[in-house]
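Chains as they are written, first to last, in the working numbering: chain A, 29 to 284; chain B, 29 to 284. All C-beta atoms, glycine included, are put in the ideal place defined by N, C-alpha and C. Quick notes on the structure that follows.
Shown next as structure tokens:
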């Protein structure tokens, strides 16, 4: 039944710079069963090549084609419409948009800009939107578990701020957009229904994936998970499991 | 019928540091007809004494009791609940909250903080809210006309950002809260129905005042007014007039 596994990264595979216990063997177990693995992340602070290098530095097997991040989807979106991006993203991600192309059509691209979310930068983006530019959100997550262990504001609250200020609605390119899940699965040959999503974000990774048509979505109790998350969203997770290791066991049991 | 006039300041009486044409004589005309005047503003970048001094410097007659700004309402709110404010306001406004009182109960107070809306400050407020503190918004306007003539982000978008991040709803203390209009009118002896609001913000000043029960609300075509504003909100303005002078003429005509 299930042919592919869509796996979130931060809070599921690793936390900060540390691999979560059992994550490596869990991923090997899934690969050994012939399942296609896709790492899909809404992290908008790292380039795709940084993500791949980071996973390999932790000792994991990872091919570039297995990693999907919103900047890739945004690049495609901008190229199709010949739009020049007005970036409100993390400085580390700016290089992903350095195409050299310039057009009169502009689009505001917003990600998890972190410290780059200054009033001046937000106000500049607001003015570009007021002139009619579309708003492209790399992600709209509410928060993430920061390196200090506490929750920090993600891109979503700032997307909502600009939507409220301008009366426009953002096009969201990362999870839980159906297009993003489909893009990640394209080369695996499996449909949305044949995929299982594993994530620590009950809203975006789990309820969002199920609404987009993903076959099953497992909520792990690691990362940003907080007690009660499983009841705060509709639809509920297909299953709630302790960690990635338990998620892999659930999937192997389901396909055996 | 009408006994009081509630008049917005920025964009109605003055723009930046300049009195709008005819504003002084319009206010004198209203006073000469025996109408009680109240200046009510959602500006959260100036203390009440700064506002009074500013109006007097422009040559206008103004008593402290005639000026109502959200910080006054917030002070009352915090005192009643013995809450210590965690401030996300413009530095110039911090002195209004310098009561010296400290309690274990905290509340996040958000205003038009301008450059003080840094990621670090917003994130600190987010964490205080996550610990269960209530969110108190001095105002929730979307934008204002800045000193450079263009529109800039007001407090509202940042209120929405924190509401979205935490799943809480802010208590809004400035216009268009009914309590704020009532507080402004308290010493005049007139009811909400006996008051006319004059403003350049079709949403907060006009539709908001009418929803709160104010008798009439006039939209002026100065300040942040943009063509079409009169049709974007429900209820519609009682009348749309060119400026404060025309608003005064409309009121004098209505009571004569």
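1) Find the nearest neighbour of residue 65 of chain B within the set B/138, B/215, B/81, judged by alpha-carbon distance.
2) Please list the segments of the alpha helix (DSSP H) lying wholly inside the segment 62-144 of chain B, counting only runs of 4 or more residues, in order along the chain.
3) Can you tell me which of the three DSSP states residue 147 of chain A falls into?
4) Decide if residue 184 of chain A is buried, meaning its Cβ has at least 16 other Cβ atoms within 10 Å, or exposed.
5) Where residue 92 of chain A and residue 79 of chain A are concerned, what is the direct C-alpha to C-alpha distance, given to the nearest angstrom?
6) For residue 357 of chain B, which option in B/161, B/170, B/73, B/56 has the closest C-alpha, if you only look at C-alpha atoms?
7) What do you reckon, is the C-beta of residue 101 of chain A under 7 Å from a heavy atom of the ligand GTP?
8) Can you find the residues in the same chain that come closer than 8 Å, C-beta to C-beta, to residue 150 of chain B, ignoring five residues on each side of it along the sequence?
9) How should residue 155 of chain B be labelled, buried or exposed, when 16 other C-beta atoms within 10 angstroms of its C-beta is the threshold for buried?
10) Which residue marks the beginning of the beta strand (DSSP E) containing residue 227 of chain B, and which one marks its end?
11) Using 8 Å as the threshold, is the C-beta distance between residue 171 of chain B and residue 181 of chain B below it?
12) For a contact meaning CB atoms closer than 8 Å, what does residue 158 of chain A contact in chain B?
13) Measuring straight from C-alpha to C-alpha, what distance separates residue 283 of chain B and residue 70 of chain B?
14) Residues of chain B with CB closer than 9 Å to the CB of residue 84 of chain A, please, in chain order.
15) Any idea if residue 123 of chain B is buried or exposed, counting beta-carbon neighbours within 10 angstroms, 16 or more meaning buried?
16) Kindly say whether residue 67 of chain B, judged by its beta-carbon, lies nearer than 8 Å to any beta-carbon of chain A.
17) Is the CB of residue 142 of chain A under 8 Å away from at least one CB in chain C?
18) Helix, strand or coil: how does DSSP classify residue 60 of chain A here?
19) Does the segment 37-51 of chain A come close enough to the segment 265-279 of chain A to have 3 or more Cβ pairs within less than 8 Å?
20) List, in order along the chain, the chain A residues whose C-beta lies closer than 8 Å to that of residue 190 of chain B?
21) What is the DSSP secondary structure of residue 48 of chain B, reduced to helix, strand or coil?
22) Under a three-way DSSP split, which group does residue 199 of chain A fall into?
23) Residues in its own chain within less than 6 Å of residue 114 of chain B by CB, not counting five upstream and five downstream?
24) Are the C-beta atoms of residue 154 of chain B and some chain A residue less than 8 Å apart?
25) At least one CB of chain A closer than 8 Å to the CB of residue 145 of chain B: is that the case?
26) So, is the C-beta of residue 170 of chain B closer than 8 Å to a C-beta in chain A?
27) Identify every residue that forms a DSSP beta bridge with residue 32 of chain A.
28) Hey, residue 208 of chain A and residue 101 of chain A: beta-carbon distance below 8 Å or not?
29) Residue 235 of chain B CB to nearest chain A CB: under 8 Å?
30) What's the gap between the Cα of residue 89 of chain B and the Cα of residue 147 of chain B?
31) Using the beta-carbon of each residue, which ones in chain A are nearer than 7 Å to residue 150 of chain B?
32) Are the C-beta of residue 230 of chain B and some C-beta of chain A separated by less than 8 Å?
33) Under 8 Å, do residue 40 of chain B and residue 241 of chain B count as touching if we go by C-beta distance?
34) In or out: residue 118 of chain A buried (at least 16 other Cβ within 10 Å) or exposed?
35) From residue 247 of chain A to residue 152 of chain B, what does the alpha carbon distance come to, in whole angstroms?
From the atom records:
1) B/215
2) Within the segment 62-144 of chain B, the complete alpha helix (DSSP H) runs of at least 4 residues are 76-85, 98-109.
3) helix
4) Flag for residue 184 of chain A reads buried.
5) 9 Å
6) Nothing can be reported for residue 357 of chain B: it is not among the residues displayed for chain B, which extend from 29 to 284.
7) You won't find the ligand GTP in this model; it holds no ligand whatsoever.
8) Result list for residue 150 of chain B: 116, 186, 189, 190, in chain order.
9) buried
10) In this chain, the beta strand (DSSP E) harbouring residue 227 of chain B covers 223-227.
11) yes
12) Residues of chain B passing the Cβ test: 179.
13) 28 Å
14) Going along chain B, no residue has its Cβ under 9 Å from residue 84 of chain A, so there is no contact; the nearest lies around 30 Å.
15) exposed
16) no
17) Chain labels in this structure do not include chain C; the protein chains are A and B.
18) helix
19) yes
20) 185
21) Here residue 48 of chain B sits in coil by DSSP.
22) strand
23) 134, 136, 156
24) yes
25) yes
26) yes
27) A/64, A/223
28) yes
29) No, residue 235 of chain B does not count as interfacial toward chain A.
30) 41 Å
31) For a Cβ distance threshold of 7 Å, residue set 181 of chain A lies close to residue 150 of chain B, ordered along the chain.
32) Closer than 8 Å: no.
33) Not closer than 8 Å, so no.
34) buried
35) 28 Å
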